[in-house]
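Peer 1:
Residue numbers (our numbering), protein chains in the order written: chain H, 74 to 429; chain F, 74 to 429.
(1) Considering only the alpha carbon of each residue, which of F:98, F:156 and F:93 lies closest to residue 294 of chain F?
(2) Give, in chain order, every residue of the segment 313–326 of chain F whose Cβ lies closer than 8 Å to some Cβ of chain H.
(3) Residue ranges of each alpha helix (DSSP H) run of no fewer than 4 residues wholly in the segment 130–156 of chain F, ordered along the chain?
(4) Buried or exposed: where does residue 177 of chain F fall if 16 or more other Cβ atoms within 10 Å of its Cβ makes it buried?
(5) Under 7 Å between the Cβ atoms of residue 126 of chain F and residue 214 of chain F?
(6) Tell me which residues of the segment 224–250 of chain H have at least one Cβ-Cβ distance to chain F shorter than 8 Å, keeping chain order.
(7) So if DSSP puts residue 122 of chain F in a beta bridge, which residue, or which two residues, is it bridged to?
(8) When you compare the CB of residue 302 of chain F with every CB in chain H, is at least one pair closer than 7 Å?
(9) Starting from residue 233 of chain H, trace the alpha helix (DSSP H) in both directions and tell me its first and last residue.
(10) Am I right that residue 170 of chain H and residue 134 of chain H are in contact with their C-beta atoms under 8 Å? What's the rounded C-beta distance?
(11) Below 8 Å, can you find three or more Cβ-Cβ pairs linking the segment 212–226 of chain H to the segment 283–294 of chain H?
(12) Using only the alpha-carbon positions, how far apart do residue 392 of chain H and residue 141 of chain H sit?
(13) Please state the DSSP three-state secondary structure of residue 178 of chain F.
(14) Considering residue 86 of chain F, what are the terminal residues of the beta strand (DSSP E) in which it resides?
(15) Quick one: is residue 310 of chain F near chain H, going by C-beta distance under 7 Å?
(16) Under the three-state reduction of DSSP, which class applies to residue 189 of chain H: helix, strand or coil?
(17) Using a Cβ cut-off of 7 Å, pull out every chain H residue sitting near residue 254 of chain F, in sequence order please.
(18) Is residue 115 of chain H near the ligand GDP - that is, is its Cβ less than 6 Å away from at least one heavy atom of it?
(19) When you compare each of H:185, H:331, H:173 and H:86 to residue 251 of chain H by their alpha carbons, which one comes out closest?
(20) Please check the pair residue 237 of chain F and residue 307 of chain F, which I expect to be a contact at CB under 8 Å, by giving their CB distance rounded to whole angstroms.
(21) To which residues does DSSP link residue 268 of chain F through a beta bridge?
(22) Where residue 206 of chain H and residue 184 of chain H are concerned, what is the direct C-alpha to C-alpha distance, given to the nearest angstrom?
(23) Using the beta-carbon of each residue, which ones in chain F are nearer than 7 Å to residue 306 of chain H?
(24) Between residue 201 of chain H and residue 301 of chain H, what straight-line distance do the alpha-carbon atoms span, to the nearest angstrom?
(25) Would residue 93 of chain F count as contacting chain H if we go by Cβ distances under 7 Å?
(26) Three or more C-beta pairs under 8 Å: does that hold for the segment 116–131 of chain H against the segment 148–168 of chain H?
(27) My assumption, with CB atoms under 8 Å, is that residue 248 of chain H sits in contact with residue 365 of chain H. Please give the rounded CB distance.
(28) DSSP beta-bridge partners for residue 94 of chain H?
(29) Would you list the residues sitting across from residue 195 of chain H in a DSSP beta bridge?
(30) Would residue 333 of chain F pass as an interface residue toward chain H - the criterion being a Cβ-Cβ separation below 7 Å?
(31) With DSSP collapsed to three states, give me the class of residue 100 of chain H.
(32) So, helix, strand or coil for residue 367 of chain F, using DSSP?
(33) Where does residue 82 of chain H land, buried or exposed, given buried means 16+ other C-beta within 10 angstroms?
(34) Note down the Cα distance separating residue 442 of chain H from residue 89 of chain F, rounded to an integer number of angstroms.
(35) Going by DSSP, what residues sit across from residue 349 of chain H in a beta bridge?
(36) Can you say whether residue 336 of chain F is buried or exposed, counting buried as having 16 or more other CB atoms within 10 angstroms of its CB?
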């Protein structure tokens, strides 16, 4: 095949579209796809400050790279989850990427600031902390963005991720989740920052190709906690279908967004009804104590029982003021007047301007 | 494992329910499941005459057998599709089953009565006639039932079939089909007989076990035209998930019926709006000429070009009266007053009472 742009021999094939690109033209095409989605789905505007949630993997770093190259003001946030060597290596990848490109990376350290790590959140039945880890990450991404005044949180979810999530939600008919699955999750509360997924129509192979061609140094290993996760089984199934019918994943996801989702309740928005402030942390929640605070409590108890150190959180729990990284007023403070303690944000020493 | 009923060593395990049965108790459990679905989903009543669509395979013969044993007045209908040796062998299985159990089997012979066979309906793109074959079968099942005064058509679709169909409709987001997928398709027109699927919560392995234990002689081979069909790929995928998480197929289908389908338009009914009579055959349709008549026309043309004999239909095309099997007035006759020609029904010599 020949490059769709310059007719040179092609290096990357986009099977579902029956086009291909050489390594020189591919990144431009990839970024044009990202730009097209940002514009078409009204994810954010030129002047918005974007917080990119990075994990050290190819997708989130490719997204951060592409947004920066497209001229957006995009900073990163990394959560130190405390998953042993995997977490250390992925943290290094994020720090190195930020340093190389002169970008700002915020960090939240669960162990130091919250008194637990993700392995403390293992589910009793499945033995996996994946669902809890998702809650923890979403909580901190949102909180850091709200505290530091970002207009939007961007995550690196790609087509494969989204199709697998959709499939999982369909297999279990989580109608509530289905209604909220989409590339843009609008804010329905001042404390909930809107979330966007600019890569949601680009496949895993396509973000990998972008990362490789742009020489992004990312972590190749999968999270060791996710081994045997259902989402990986769903991905494998969808990949086998994709082999037989290129375009299946794309049609499945985009068909859902265009046809299926409209029929479901609460499409495309965080729940707005009945939101109040968590009595512990002040974040918006539908319960008295938010899901994150309940998880964190469980994690700290687990950690205390297992005899590991949980030094910081316990000494911080009485503190009412905003953490060192808070850039604007606490969102929706509760009746206790303080909004509760907030996770520390480890700030980089200085904030250089994006490399363009 | 031990039999759930009598504690003897078990022969058949129902993994998703974590129960098992010995070969002696299993058929009773199987039929109780069928009865429970008939009652719970109000499929038909004791006094209704049921037409079972049989193919010679395990599911439809198991259904016919179970309904008869449960005391229902259930006759069979078999469509001679003209798929070479496969069709001949499956016809033999149906005829032998009817004979052994003293049951009435109606037959429609496509080649003789309609002037084409299913292989004439191969799709130009996929090379497969499966979609067209489905239309042909549904048409004749409905027509025979309407003509002969049956209250309901019962098909042998099992959990695996239904889950695979659901999956296929979700992958392509056929919202219209999704809304109408269910165990009961109500009649919305006098010419459309209600359709039910009493086995829809029983897995393929469970109907196979029933057929084997009850010594039902069924055709083992898959239809040769279906080789490589997408539905088989979907079944394989769902089976691999089921291996990992027993109950996945059941949860997927039943979750859809309980949660997902309600959100979709036209749930559980044949389209009622804008139905009129096909100008050729008189059957209810939304178009001037119904989908079946267009398919049949295409099949006859194909057959004429290939030089095969299509003796009967051409000489029958001017006939306006009902065929030899018509048991009640033609459904919803069109403005031409006749309702058009109807497919012949090959009647069995006599109608013995069910074996009970």
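Ideal Cβ positions, reconstructed from N, Cα and C, are used throughout, including at glycine.
Peer 2: In this structure, then:
(1) Among F:98, F:156 and F:93, the Cα nearest to that of residue 294 of chain F is on F:156.
(2) Taking 8 Å as the upper bound on Cβ-Cβ separation, chain H lies near residues 313, 314, 317, 318, 321, 324 and 325 of the segment 313–326 of chain F.
(3) Here the runs fully enclosed are 131–142.
(4) Residue 177 of chain F should be labelled buried.
(5) Judged by their CB atoms, residue 126 of chain F and residue 214 of chain F are nearer to each other than the 7 Å cut-off.
(6) Answer set for the segment 224–250 of chain H: 243, 244, 245, 246 and 248.
(7) For residue 122 of chain F, which the question treats as bridged, DSSP gives the partners F:146.
(8) Closer than 7 Å: no.
(9) Taken as a continuous stretch (DSSP letters only), the alpha helix (DSSP H) holding residue 233 of chain H covers 232–244.
(10) About 5 Å; that satisfies the 8 Å criterion.
(11) The segment 212–226 of chain H is not in contact with the segment 283–294 of chain H.
(12) Residue placement at residue 392 of chain H is flagged as unreliable, the pLDDT there being 32, under the threshold of 50; the coordinate-derived value follows with that caveat. Their Cα atoms are separated by approximately 36 Å.
(13) DSSP places residue 178 of chain F in strand when its eight states are reduced to three.
(14) Element bounds for residue 86 of chain F: 85–87.
(15) Yes, residue 310 of chain F lies at the interface with chain H (some Cβ there is under 7 Å from its Cβ).
(16) Coil.
(17) For residue 254 of chain F, there are no C-beta contacts with chain H under 7 Å, since the nearest C-beta of that chain is about 13 Å from it.
(18) Because no ligand of any kind appears in the structure shown, any question about the ligand GDP cannot be addressed here.
(19) Of the listed residues, the one whose Cα sits closest to residue 251 of chain H is H:331.
(20) Sure, about 4 Å apart at Cβ, within 8 Å.
(21) Beta-bridge pairing links residue 268 of chain F to F:226 and F:258.
(22) Cα-Cα distance, rounded: 13 Å.
(23) Contact of residue 306 of chain H with chain F by beta-carbon distance below 7 Å involves 314 and 317.
(24) Each residue's Cα considered, the two are about 9 Å apart.
(25) The beta-carbon of residue 93 of chain F is placed no less than 7 Å from the nearest beta-carbon of chain H.
(26) Contact between the segment 116–131 of chain H and the segment 148–168 of chain H is present, because at least three Cβ pairs lie under 8 Å.
(27) About 23 Å separates the Cβ atoms of residue 248 of chain H and residue 365 of chain H, ruling out a contact at the 8 Å cut-off.
(28) Beta-bridge annotation (DSSP): residue 94 of chain H is paired with H:85.
(29) Residue 195 of chain H is not bridged by DSSP to any residue.
(30) Output row for residue 333 of chain F: interface = yes.
(31) In the three-state reduction of the DSSP assignment, residue 100 of chain H falls in the helix class, which pools H, G and I.
(32) Here residue 367 of chain F sits in helix by DSSP.
(33) Exposed.
(34) It is not possible to answer for residue 442 of chain H, since the shown part of chain H is limited to 74 through 429.
(35) Note: residue 349 of chain H sits in a beta bridge opposite H:358.
(36) Buried is the call here.
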